[in-house]
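Visitor: Handing you a structure now.
Residue numbers (the UniProt record's numbering): 1 to 865.
Following this line, the structure appears as C-alpha cells:
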C-alpha cells in the first residue's frame, strides 16, 4: 500500500513557458505539475506537488534553489527545487501573464493584468506573511506580457505599457503596432552598463533603442520617440531611485538615471514572416543574440545589433509557444503545446540534445516489458511510444498505424511489441531494429479494441469493436488460424491464462467466455452477468478471474470450477461510476481498479475491502475533479467554465478544429469544446511489483513503492540500535551486524554490513540469514546492483544466496516473485551494459579483462532465479 507518485510520462510539455537552471536543468509545466529534465543525464522527473489549475507561468531564481509557478487563475506556489517541497503559497487577484526574479534573487516582478507588481522574495524560513508587496506600477493599457531586469536589479523593463506613473514618470517607448512579446536590456560586456533595449512585438518587429546619459536637470517629461499615433504596443522602464524606497539599498552611478537618460530609436527591423505571428522570444545578454518562434512552427536565431540571421528553420506546422536560451547560450529550447513537443537544440553543431514529444490525444493502453525497464503506450494520435521507466524518456515512436491504437502488449523476452488499432491491423514491432516486421490483417476490415498472446508467443488474438469476433493468428507465419464467434457485443477484454492456453474474453453482451484456442473447441464455458462486462483479467497464478461490470461491481470467478467466488461493490468508492480497467498485484493479493473517475481504488481480494484510494489529480482545469459545483458559476447554458467564446487559434491562423474519429477525441473533449474529463483508461503493474502505471487524462502516471523505512516493531528490543550494528562491525561480528541491520530495516545500515563482509566469508554469512529476511535482502541487492561498482562481489553474494536458500525460493516463489523480478531486472541491465561495452574487443582481450567470468555469473544467477 506504500505507493507514492513518482513520475509522469507521455506528456513532457503542454503549454506555458520553460526555464533552464544550472545550464542543464530544464523545467517545464505539464498540466498542473512541473517536470524537471536533466539534459546531461537525459533523465526526467515530475515534482510531487500540484497546482490547483494548469500552470501558465514559471520562474526560477538565479541560484536555481527557488521555483515560482503560477496557474491560470493566479494561484502561485513557491517551491524549494532542491528538496522538491512547497514553501509558500499566494493568490494574485488576476491571472498572471509574466513573472521574473531579479538577478540578485531578492525581488520578483509579476505582471498581474495591467499592473506591474514588485514583491520581496521570501526566504526558506517560516514566516507569517512571506510575500511582501513592495511597489505597484500602474498606468498600463494592456496586460504586461514581458519583463526583464537590469543587471544590478535596480530597473525593470515591462512590455505593453501606454501610460506613465503618477509620481515619477518612467520612460515610455512607443511605436509598436501590436502587443509586445519581449523586452530586454542589452549591456556592455566589460562595464555591464545598460546601452540598449530591444523590444519585440507580435507582428514580427524588433526595435533597437539606444541609451545615452543626458542632462538630468533639463529633463522635465520623458520624451516619447517613435510613432505617437500608434499606441497599441509600448514599453516602460521603471525602478532606479525607487529601488532605494523598496529595500533601502543604495544604488550609485549612471545606472540610477536610466529612466531619466536620453533614449532614442536607433532602428527598426522585421523578421519577415508575413503569414505568421511571433509567439515566443528570448535574448541572451552575453552573446547578444535573439531567438524567436512563430505560429507556423518556424524559429530564427539572430545576432544583434546588426540583425544577422544565423539560423532560420522549421520545427513543425504548429505554433511555437516557448523559446529560451540556456545559461551558456549554446542550447536553444523550444516547446509546442499543441503537439506536446519539447526540443533542445545545440545551434553551433546543429544537433538535438533532447527531442521529446508526448501523445496529444488520449493514451488508450499501456504495457510493461517483462523486465519492467520499458513501458509502451498506444494512443488516439495513431502512435506507439516506448519509454524508459527509470529515465522517463521516450526512445522510439512507431507511427505506421492510420487510426487510434487501442491495445499494446509486450512479448516474452523484451524484444518485440504487439499493437492493435482501429485501422483493422495488428502489428508486431522489433525493438532491436525499430521496425514493423509483421502485420496481421483480416479478410474484411475490422476495428480491433483488445489484444492478447499466449505464454509461448505463438498465438496472437485480437477482439473487435464492430463484428464482435475474436481473430487468431500464428506469430511465425502471420496466417489467420481461426475466428472465434459467439459474442453479441464489442469484445473489450482479452487475456490468456498465465498457466494454460485458455483465453478469457469479456464483452458488452454481459458475458465472459473461456476459449480453448489450441484445441479448437470454441467457447468451453460462459459466465453470465446482469450488466455489460467492461474488462477481464487473470490473477498471476491463473486460479482466479476478475471482471468489472457497468453497475460498478467487480466479480471474482474460479475459472476451474466455474463458480462466482465473491463480489466487490465499488460504485460508492468512485462516486457512482464504473471501473473500466483492472490490474492484479504481482502476488495476486490485491487488485487495482480505475475508470471514469478521479480515483483509482486498491482492494484486498481475500477480504473484499478497500485498502486505499488514489486521487490521480487535483487539477481543477479538468472536469470531474470537483465533487460539488459552485452554484454561483452556473448559467442557463451550463457551467460558466465550459463556455468558450474565444478562439485564439483562428486569430493566429491555426486550424482550431479538433479531431473526431469514431468517438475518439481529445482527452475527454466534449462537443462544446469544454474542459477535458478526468478518467483512467488503463492500469498495469510492473512484473517486479515495485511500481504501477495508469493511463489517465493527465498522461501516464507512475506510482512506486518505498518500503525502505518500514520495520516490524516485534523485531526491535532495547539492544537493537544503529550503535549496536557499528559495534558488531568493529568487533568483526559480521553475521550479528547484518542480522541487527535487517531487524532495523534501515537500508543504509544493511548495505554497509553487506559491503563489510569479506569475499571468502560470503557463503557462511549467506547461509546464516533467516528466511524471513530473505525478501528484504534480495531487494537491497537489486538496488546495489544498479548503483554500486563492486559487481563481482555482489554477484558472488547473489549466487551464494541462491545456493543456500534455493529450496525456500522455489517453495515460496509466489511471495518472492516481485523481489526476484527486481533482481532479475538489475542483472539483465548489467548484462546488456557489459555486452555493449565489450562488443568492440576480441575474445583474447575479454579473457584478460575477466569479462567472461562476470558474464558467466550473470547467466548462472539469472538461471537460478
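Idealized CB from N, CA, C, for every residue including glycine.
Three or more C-beta pairs under 8 Å: does that hold for the stretch 699-706 against the stretch 724-734?
Guide: No: fewer than three Cβ pairs fall under 8 Å.
Visitor: Report yes if the CB atom of residue 71 is closer than 8 Å to the CB atom of residue 32, and no otherwise.
Guide: Numbered from its first residue, the chain shown carries residue 71 at position 71. Numbered from its first residue, the chain shown carries residue 32 at position 32. Going by C-beta atoms, residue 71 is nearer than 8 Å to residue 32.
Visitor: Give the single residue among 620, 109, 56 and 828 whose Cα lies nearest to the Cα of residue 95.
Guide: Stepping through the chain shown from its first residue, residue 95 is reached at position 95. Taking only the C-alpha atoms, the option nearest residue 95 is 56.
Visitor: Given residue 774, which residues of its chain have a CB within under 8 Å of its CB, disregarding the five upstream and five downstream residues?
Guide: In the chain shown, counting from the first residue as 1, residue 774 sits at position 774. Cβ neighbours of residue 774 beyond the five flanking positions: 801, 805, 808, 809 and 816.
Visitor: What is the residue span of the alpha helix (DSSP H) that residue 591 lies within?
Guide: Within the chain shown, numbered from 1, the residue matching residue 591 stands at position 591. Looking at the DSSP string, residue 591 is not in any alpha helix (DSSP H); the run it does join, the beta strand (DSSP E), is 590-595.
Visitor: Does the beta carbon of residue 37 fall short of 7 Å from some heavy atom of the ligand PLP?
Guide: Among the components of this structure there are no ligands whatsoever, and the ligand PLP is therefore not found.
Visitor: Whose CA, out of 366, 725 and 768, lies closest to the CA of residue 747?
Guide: Numbered from 1 along the chain shown, position 747 holds the residue referred to as residue 747. Checking every option, the nearest Cα to that of residue 747 belongs to 725.
Visitor: From this set, 302, 267, 263 and 266, which residue's C-alpha is nearest residue 281's C-alpha?
Guide: Stepping through the chain shown from its first residue, residue 281 is reached at position 281. Of the candidates 302, 267, 263 and 266, the one whose C-alpha sits nearest the C-alpha of residue 281 is 302.
Visitor: For residue 486 and residue 467, I'd like the C-alpha separation in whole angstroms.
Guide: Translated into the one-based positions of the chain shown, residue 486 becomes position 486. Translated into the one-based positions of the chain shown, residue 467 becomes position 467. Straight-line Cα distance between these residues: approximately 10 Å.
Visitor: For the putative contact between residue 393 and residue 42, defined by C-beta atoms under 8 Å, what is the C-beta separation to the nearest angstrom?
Guide: Reading the chain shown from its first residue, position 393 is the one you call residue 393. Reading the chain shown from its first residue, position 42 is the one you call residue 42. Yes, they are in contact, since the Cβ atoms of residue 393 and residue 42 sit about 6 Å apart, within 8 Å.
Visitor: Whose CA, out of 362, 791 and 590, lies closest to the CA of residue 11?
Guide: As a position in the chain shown, residue 11 is number 11, starting the count at 1. That would be 362, whose Cα lies nearest to the Cα of residue 11.
Visitor: Helix, strand or coil for residue 799 per DSSP?
Guide: Residue 799 sits at position 799 when you count from the first residue of the chain shown. In the structure shown, residue 799 sits in a helix (DSSP, three-state: H, G or I).
Visitor: Measure the C-alpha to C-alpha separation of residue 570 and residue 612 and round it to an integer number of angstroms.
Guide: Here residue 570 refers to the residue found at position 570 of the chain shown. Here residue 612 refers to the residue found at position 612 of the chain shown. Rounded to whole angstroms, residue 570 to residue 612 spans 12 Å at the Cα level.
Visitor: For residue 416, which option in 378, 457 and 404 has the closest C-alpha, if you only look at C-alpha atoms?
Guide: Counting from one through the chain shown, the residue named residue 416 turns up at place 416. Residue 457 is the option with its Cα nearest to residue 416.
Visitor: Got a sec? Which residues, its chain only, sit under 8 Å from residue 89 by beta carbon, not counting five neighbours each side?
Guide: Residue mapping note: residue 89 aligns to position 89 of the chain shown, counting from 1. Excluding positions up to five away in sequence, the list reads 75, 76, 77 and 78.
Visitor: Suppose the cutoff is 7 Å on Cβ atoms and the five residues either side in sequence are ignored; what does the same chain contact list for residue 704 look like?
Guide: By 1-based counting over the chain shown, the position of residue 704 is 704. The answer, listed in chain order, is 3, 4, 6, 690 and 691.
Visitor: With a cut-off of 8 Å, do at least 3 Cβ pairs link the stretch 95-104 to the stretch 125-138?
Guide: Taking 8 Å as the limit for Cβ pairs, the verdict is that the stretch 125-138 does not touch the stretch 95-104.
Visitor: Pull up the distance between the alpha-carbon of residue 336 and that of residue 151, whole angstroms please.
Guide: In the chain shown, counting from the first residue as 1, residue 336 sits at position 336. In the chain shown, counting from the first residue as 1, residue 151 sits at position 151. Rounded to whole angstroms, residue 336 to residue 151 spans 30 Å at the Cα level.
Visitor: If I measure Cβ to Cβ from residue 490 and keep anything under 8 Å in the same chain, skipping five residues before and after, which residues do I get?
Guide: Position 490 of the chain shown holds residue 490. Around residue 490: 449, 463, 464, 465, 466, 468, 507 and 508.
Visitor: Specify the secondary structure class of residue 953 as computed by DSSP and reduced to three states.
Guide: Absent from the structure is residue 953, since the part of the chain shown begins at 1 and ends at 865.
Visitor: Given a threshold of 16 other Cβ atoms within 10 Å of its Cβ, counted over all protein chains shown, does residue 683 qualify as buried or as exposed?
Guide: Along the chain shown, one-based indexing puts residue 683 at 683. With 16 or more other Cβ atoms within 10 Å, it is buried.
Visitor: Kindly indicate which residue of 189, 675, 190 and 173 has the alpha-carbon position closest to the one of residue 206.
Guide: Translated into positions along the chain shown, residue 206 becomes position 206. That would be 173, whose Cα lies nearest to the Cα of residue 206.
Visitor: What residue does the beta strand (DSSP E) around residue 544 start on, and which one ends it?
Guide: Position 544 of the chain shown, counting from 1, holds the residue named residue 544. Unbroken run through residue 544: none, as it is neither H nor E.
Visitor: Determine which residues share a DSSP beta bridge with residue 80 and list them.
Guide: Your numbering for residue 80 matches position 80 in the chain shown. In DSSP, residue 80 forms a bridge with 66 and 85.
Visitor: Measure from the alpha carbon of residue 52 to the alpha carbon of each residue in 623, 429, 187 and 833, then state which is nearest.
Guide: Within the chain shown, residue 52 is the residue found at index 52, counting from 1. Measuring from the Cα of residue 52, the nearest candidate turns out to be 623.
Visitor: Where residue 620 and residue 47 are concerned, what is the direct C-alpha to C-alpha distance, given to the nearest angstrom?
Guide: Position 620 of the chain shown holds residue 620. Position 47 of the chain shown holds residue 47. Cα to Cα, the separation comes out at about 18 Å.
Visitor: What do you get for residue 364, buried or exposed, if any count of 16 or more other CB atoms within 10 angstroms of its CB means buried?
Guide: Working through the chain shown from its first residue, we reach residue 364 at position 364. So residue 364 counts as buried.
Visitor: Is residue 407 closer than 8 Å to residue 343 when the C-beta atoms are compared?
Guide: As a position in the chain shown, residue 343 is number 343, starting the count at 1. As a position in the chain shown, residue 407 is number 407, starting the count at 1. Contact: no.
Visitor: Excluding sequence positions up to five away, which residues of its chain have a Cβ less than 6 Å from the Cβ of residue 661?
Guide: In the chain shown, counting from the first residue as 1, residue 661 sits at position 661. Confidence is the limiting factor: at residue 661 the pLDDT is only 37, short of 50, which leaves the residue's position unreliable, though a coordinate-based value still follows. Closer than 6 Å at the Cβ level, and outside the excluded window around residue 661, lies no residue.
Visitor: Spatial neighbours of residue 116 within its chain, please: CB distance less than 6 Å, with the 5 preceding and 5 following residues excluded, ordered by chain position.
Guide: As a position in the chain shown, residue 116 is number 116, starting the count at 1. Cβ neighbours of residue 116 beyond the five flanking positions: 137, 144 and 158.
Visitor: Considering just the uninterrupted stretch of the alpha helix (DSSP H) at residue 735, what are its terminal residues?
Guide: Counted from its first residue, the chain shown places residue 735 at position 735. Taken as a continuous stretch (DSSP letters only), the alpha helix (DSSP H) holding residue 735 covers 734-744.
Visitor: Taking the beta carbon of residue 779 as the centre, do at least 16 other beta carbons fall within 10 Å, making it buried, or is it exposed?
Guide: Translated into the one-based positions of the chain shown, residue 779 becomes position 779. Buried, since its Cβ has 16 or more Cβ neighbours within 10 Å.
Visitor: With a cut-off of 8 Å on the beta carbons, I'd call residue 194 and residue 185 a contact; round off their distance for me.
Guide: As a working mapping, residue 194 is identified with position 194 in the chain shown. As a working mapping, residue 185 is identified with position 185 in the chain shown. With 8 Å as the limit, residue 194 and residue 185 qualify as a contact, their Cβ atoms being about 5 Å apart.
Visitor: In terms of residue numbering, what span does the beta strand (DSSP E) encompassing residue 762 cover?
Guide: Working through the chain shown from its first residue, we reach residue 762 at position 762. Residue 762 -> not in any beta strand (DSSP E); alpha helix (DSSP H) instead, spanning 762-767.
Visitor: Pick out whichever of 436, 483 and 411 has its Cα sitting closest to the Cα of residue 446.
Guide: Taking the first residue of the chain shown as 1, we reach residue 446 at position 446. Closest option to residue 446, Cα to Cα, is 483.
Visitor: Enumerate in chain order the residues of its own chain whose CB-to-CB distance from residue 514 is below 6 Å, with the five nearest sequence positions on each side excluded.
Guide: Within the chain shown, numbered from 1, the residue matching residue 514 stands at position 514. The answer, listed in chain order, is 502, 504, 524 and 525.
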